[in-house]
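Residue numbers (this note's numbering): 28 to 92.
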């Protein structure tokens, strides 16, 4: 999927969280997770880890992982 198609698809969805889906494409959510996300003690590097995001809503933590 090219960047314009991603932007178009992201714009069609009503998001709760505001975050970067791919470089240069932000969701239009109402909750700024880039600021709030710093309060969670999630390591920057999750290489080699397994992640289960239960109750993912629109997937902020899934994308983060």
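Quick reminder that beta carbons are idealized off the backbone N, C-alpha and C, glycines included. Small disclaimer: the values here were computed from a predicted structure and weren't measured.
Check, Outcome
"Complete runs of the alpha helix (DSSP H) confined to the segment 30-80 [at least 4 residues]", "30-39, 60-63"
"Inter-residue CB distance, residue 43 and residue 80 (contact presumed, cutoff 8 Å)", "Actually they are not in contact, since the Cβ atoms of residue 43 and residue 80 sit about 14 Å apart, beyond 8 Å."
"Cβ separation of residue 45 and residue 55, assumed to be a contact under 8 Å, to the nearest whole Å", "7 Å"
"Alpha-carbon to alpha-carbon, residue 60 and residue 66", "10 Å"
"Whole-angstrom distance between residue 87 and residue 53, CA atom to CA atom", "12 Å"
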